[in-house]
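Asks: Numbering (numbering that gives the first Met the number 0), first residue to last: 0 to 183.
Glycine included, every Cβ here is placed at the ideal spot set by N, Cα and C.
A single structure is presented below for examination.
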Amino acid sequence: MAPNATIFKAVLHIVDVDRHYYEDHSITLARHPSETDERMMVRLLAFARHAHEALSFGRGLSTEDEAALWQKDDTGLIELWIEVGLPDEKAIRQACGRARQVYVYTYGGRPADQWWKQNVASLDRLNNLTVVNLSLEGSRALVSLTKRSMDLHCTIQDGQVLIGDGANAAQFELSTWKERARET
0 MAPNATIFKA VLHIVDVDRH YYEDHSITLA RHPSETDERM MVRLLAFARH
50 AHEALSFGRG LSTEDEAALW QKDDTGLIEL WIEVGLPDEK AIRQACGRAR
100 QVYVYTYGGR PADQWWKQNV ASLDRLNNLT VVNLSLEGSR ALVSLTKRSM
150 DLHCTIQDGQ VLIGDGANAA QFELSTWKER ARET
């Protein structure tokens, strides 16, 4: 954890109908001084979409050889590597070499669109990579839920996400820009 990180606590109640996953998670998020609320909330969204007892957050932006989130098996093999934002193509290739599955969650509107156009040709060759985009409206709606202490209910069904705190809610669909190749 970075010095001067801001600590956020969240209780995340997940109803993922698509995966048949129904669990509550108590999460501590350390927001690096250079991290925005938007990026932190997209990390929380990625956690909700891939929630598992072995899924954990990496040490943060200042640690280059770690994912934003990852899931390891009992032997230490990286089953799932999740990046958030607009990572360097070389870093994604390295993650794909280290993990069974890699997900990149992009957000931010036009910069994400430009990043994808610049990287689509090289990333399309990575068979274990999935790239998912959250619209600018969706990420802004997530930011509106940001508090130091959060109690969030997240429902995922048919690719739609509804997340709220009882007073406010955000509903959006994630766009899959690239799907990993199916294992045979």
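What three-state label does DSSP hand N3 in the structure shown?
Replies: In the structure shown, N3 sits in coil (DSSP, three-state: anything other than H, G, I, E or B).
Asks: Should N118 be labelled buried (16 or more other beta-carbon atoms within 10 Å of its own) or exposed?
Replies: So N118 counts as buried.
Asks: For a test of the three-state rule: what should DSSP assign to A67, helix, strand or coil?
Replies: In this structure, A67 counts as coil in the three-state DSSP scheme.
Asks: Could you check the C-alpha separation between G84 and V103 for me, to the nearest Å?
Replies: G84 and V103: Cα-Cα distance of roughly 7 Å.
Asks: Looking only at its own chain, which residues have a Cβ that is under 7 Å from the Cβ of D123, when we skip the five neighbours before and after it?
Replies: Closer than 7 Å at the Cβ level, and outside the excluded window around D123, lie K177.
Asks: Would you kindly report the start and end of the unbroken alpha helix (DSSP H) that includes E37?
Replies: Residues 36-49.
Asks: Leaving out the 5 sequence neighbours to the left and right, which residues in its chain are closer than 8 Å to W115 when beta-carbon positions are compared?
Replies: Once the five neighbours on either side are set aside, the close Cβ partners of W115 are T105, V130, N132, W176.
Asks: In three-state DSSP terms, what is A120?
Replies: A120 falls in the helix class under three-state DSSP.
Asks: Taking only heavy atoms of the ligand ZN into account, decide whether any of them is closer than 7 Å to the Cβ of I81.
Replies: Absence of the ligand ZN is noted for the structure shown, with no ligands found whatsoever.
Asks: Just the Cα atoms here: how many angstroms apart are H12 and R18?
Replies: So the alpha carbons of these two residues sit roughly 14 Å apart.
Asks: For V130, which three-state DSSP category applies?
Replies: DSSP places V130 in strand when its eight states are reduced to three.
Asks: Drop a sphere of 10 angstroms on the beta-carbon of Q70, count the other beta-carbons inside from all chains shown, and report buried for 16 or more, exposed for fewer.
Replies: Buried: at least 16 other Cβ atoms inside 10 Å.
Asks: How big is the Cα-Cα spacing for Q113 and T74?
Replies: Cα-Cα distance, rounded: 38 Å.
Asks: What whole-angstrom Cβ distance do D23 and I155 have, given they're in contact under 8 Å?
Replies: Not really, about 15 Å apart at Cβ, beyond 8 Å.
Asks: Between the C-alpha atoms of G57 and I26, what's the straight-line distance to the nearest angstrom?
Replies: So the two alpha carbons sit approximately 13 Å from each other.
Asks: Do you know how far the Cα of S134 is from the Cα of Y21?
Replies: Each residue's Cα considered, the two are about 26 Å apart.
Asks: Buried or exposed: which applies to S138, given that a residue is buried once 16 or more other Cβ atoms fall within 10 Å of its Cβ?
Replies: By the 10 Å Cβ count, S138 comes out buried.
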